[in-house]
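The structure appears below as structure tokens.
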Amino acid sequence: MGRKIVALLAASLMVALVPAVATATAAPAAAQQDGDQGATLRVGLQQEFDSLNPFLGFSLASTQVFKLIYPTLTTYAAEDFGVVPDLATEWKHSRDELTWTFTIRRGVKWSDGEPVTAHDVAYTFNRMMTDPAAATANGNYVDNFAAVTAPDDRTVVIRTEKPQATMLSLAIPIVPEHVWSKIDDVADFANQRMPIVGSGPFVATEYRPQQSLTLKTDEDFWRGPAKIDELRFVNFENSDAAVQALRKGEIDVVRKLTPTQFDALAGASNIERVEGQGRRFFEVILNPGATNSAGTPIGTGHPALRDVRVRRAIDRAINREVLVERVLGGYGQLGGGYLPPIFADYHWTPPPRLKRPFDIPAANRALDAAGYLRGPDGTRRTPEGEPLNFEFVLHGDEPVDARVGEYLKGWLSRLGINVTLQPVSDNQVNERTTAGDFDMVISGWSANPDPDYVLRLQTCSARPTPGGGGLPDSFLCDRRYDDLYARQLAEFDHDKRVELVKQAQRRFHTQATGLILFYPNSLEAYRSDRFGDFTTQPADDGVITGQQSYWGYYQAEPTSKAIAGTGGTDYGTVALVLGVVIVLGGGVTGLVALRRRATAGDRE
């Protein structure tokens, strides 16, 4: 197809879109107007919801929404992440710590008016215990459950196989039995019928896939209604578009700002910035020889990466100080242990004798000693003669991934290792990671105040089954690590558990299957002319979004301007316009690729 045809197609699209652009900028759609019924808090997202099904969704965008519309037995305090009651008002356990009894709060109702009872809790947990699909996102919490019963409407009894220290940190959305018992196939249920029946501070009322999700305040929420009338999550193609919308007053909050964007907003009119300690770690996974749960090799990992000496040498070739300064702009901390420093009790830093500081000559000497010698072309080869050519999978829409990839490619070239960068969509990253179809891949997770969830990602049991599924991270399957993981899960003495968690991190570090690069700070901004105050979690150095509970949005303080309403924007039209601009920039092959892709590989 020649240039003239491309130009004609582009011109036709632009002409067709002129009315749509006018609609987006001059005449907001009635369905999106804030009106005068109360304040609407509009949050810009650069990540799609991977699912609105709480049994399936595990992205940050989705899990945040689940906290807003579904109850959990307990939650985390805004001040310090301490455990506080939510749906359960009190609890006790037997002397052997195998039986837990939770008392359910009186008078709580689902958004359709039905009462919330202990039977809903028992149903949720039993569905996860008996339906593999229902255990997709949070199955690790119930793996050790022997039985869950509800002897009456206000009592839930959970019996575990072995003591389980996470019983007050079960981040499992409780669903209404009278709705979900009618769903035969959880894996195929998108949960997009509006309104979604929940029992949190908000009710999901409208969903436009890849565009926006609207939630209304539940006036009957047991803590009392939120001070805003409506909460709307708006999808943007990238963070630049979201920041521009914030400047124009079209949205109120933006999360995941780049350092450049954050700095550029300093002193901006009616915009307040928020910098908080992040709960996320950013890592490079080196495929150690991926296997499924049956021990059968899977994927395409390079055989050299099965050698821990090669993995450690690669770690010695990474300059974390450069990454923090030049990629994060100084907004972050150097990577070390598996758990981020925001959770000070559990955070572990490698001692001097275990650290692998940046040292290219030392890394080269280690590879020489291990028998991976350079060939005539300068490329190292395995003892069997296979060149060390690695495929490095990155999130294609994530600027941090691209910059990290270029740095690592340059550093590893000094070791005689060739790296090919492969930027792909978020979904492809997840699919390839789960299938072991990579040599190196960018990954990262947000840790919870209780570390069990992310610790389990490195166990043998996290590997995919022969039929697929699973939620592995680095495909570490190590007997010593698994033993430490099991021991920390069963340890109720806090100090002893902390020590076991640190030992597990030490073992993970020595195996070098996941190289922790840094812990990025959370950079956010909001419209101070529309919202005067937000609750941050934790209180010191905390953030508004990406929290462990609903406090930030639930306790948002609107100004009189926000309450009066300023009109809205047809974000469906804006999304279409943004998509076409990208198509025109990318040529005819992009004309069929209007579907928005997530920009961040965030996984909870």
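Residues -26 to -1, 1 to 578, numbered by mature numbering (1 follows the signal peptide of the UniProt record, and there is no 0), are exactly what the sequence shown covers, in order.
Cβ atoms here follow ideal geometry from the backbone N, Cα and C, with glycine treated the same way.
Check	Outcome
For P425, the nearest candidate out of R254, T356 and D452 (CA to CA)	R254
Nearest neighbour of L189, chosen from P199, V177 and F195 [CA to CA]	V177
CB of G250 within 8 Å of CB of T510, strictly	yes
Which listed residue (F466, D54 and F29) has its alpha carbon closest to that of F163	F29
T407 versus G370: straight-line alpha-carbon distance, rounded	15 Å
CB contact flag (S502, E246, <8 Å)	yes
Three-state secondary structure (DSSP) of S36	helix
Contact under 8 Å by Cβ, L187 with F40	no
Stretch-stretch touch, CB-based, cutoff 8 Å, three pairs: the stretch 352 to 367 with the stretch 398 to 418	yes
Rounded straight-line distance, which links the Cα of A344 to that of residue 580	Not covered by the structure: residue 580. The range shown for the chain is -26 to 578.
Through-space distance from I157 to P150, alpha-carbon basis	11 Å
Simplified DSSP state of W65, which is helix, strand or coil	strand
At least 3 beta-carbon pairs within less than 8 Å: the stretch 235 to 243 vs the stretch 308 to 324	no
Within 8 Å, strictly: CB atoms of Y493 and P315	yes
Other residues of its chain near K83: CB distance less than 8 Å, five sequence neighbours each side excluded	P89, V90, S173 and D194
Straight-line gap, L231 to L220 (C-alpha atoms, nearest Å)	12 Å
Residue closest to R285, alpha-carbon to alpha-carbon, out of R330, M102 and T265	R330
Residue 583, buried or exposed, once every other Cβ within 10 Å from all chains shown has been counted against 16	Not covered by the structure: residue 583. The range shown for the chain is -26 to 578.
Continuous beta strand (DSSP E) stretch holding W154: start and end	Taken as a continuous stretch (DSSP letters only), W154 belongs to no beta strand (DSSP E), being part of the alpha helix (DSSP H) at E151 to W154.
Segment limits, beta strand (DSSP E) that includes V393	N392 to V398
Beta-carbon separation (whole angstroms), D333 vs R290, contact threshold 8 Å	5 Å
C-alpha gap between D127 and I78, whole angstroms	8 Å
Residues near H483 by beta carbon distance below 6 Å, same chain, minus five either side	P324
Three CB pairs or more closer than 8 Å across the stretch 67 to 76 and the stretch 100 to 113	no
Host alpha helix (DSSP H) of H468 (start-end)	H468 to Q485
Which of helix, strand or coil DSSP assigns to K535	helix
Among V296, Q166, T46 and Y528, nearest to E380 - alpha-carbon criterion	V296
Where K222 falls, given that 16 or more other Cβ within 10 Å makes a residue buried	exposed
Close-in-space but distant-in-sequence residues of the same chain around A530 (CB under 6 Å, 5 per side omitted)	L15, I202, F505 and F508
Burial state of N401, where buried means 16 or more other Cβ atoms lie within 10 Å	exposed
Status (buried if at least 16 other CB within 10 Å, exposed otherwise) for A(-3)	Confidence is the limiting factor: at A(-3) the pLDDT is only 31, short of 50, which leaves the residue's position unreliable, though a coordinate-based value still follows. So A(-3) ends up on the buried side.
Three-state class that DSSP yields for Y524 in the structure shown	coil
Under the three-state DSSP convention, the category R133 falls into	strand
Where the beta strand (DSSP E) through N100 begins and ends	Looking at the DSSP string, N100 is not in any beta strand (DSSP E); the run it does join, the alpha helix (DSSP H), is A92 to T104.
Bridge-paired residues (DSSP) for Y50	V57
DSSP-derived helix/strand/coil call for M(-26)	Because the pLDDT of M(-26) is 39, which lies under 50, any placement of that residue in the model is unreliable, and the question is left without a value.
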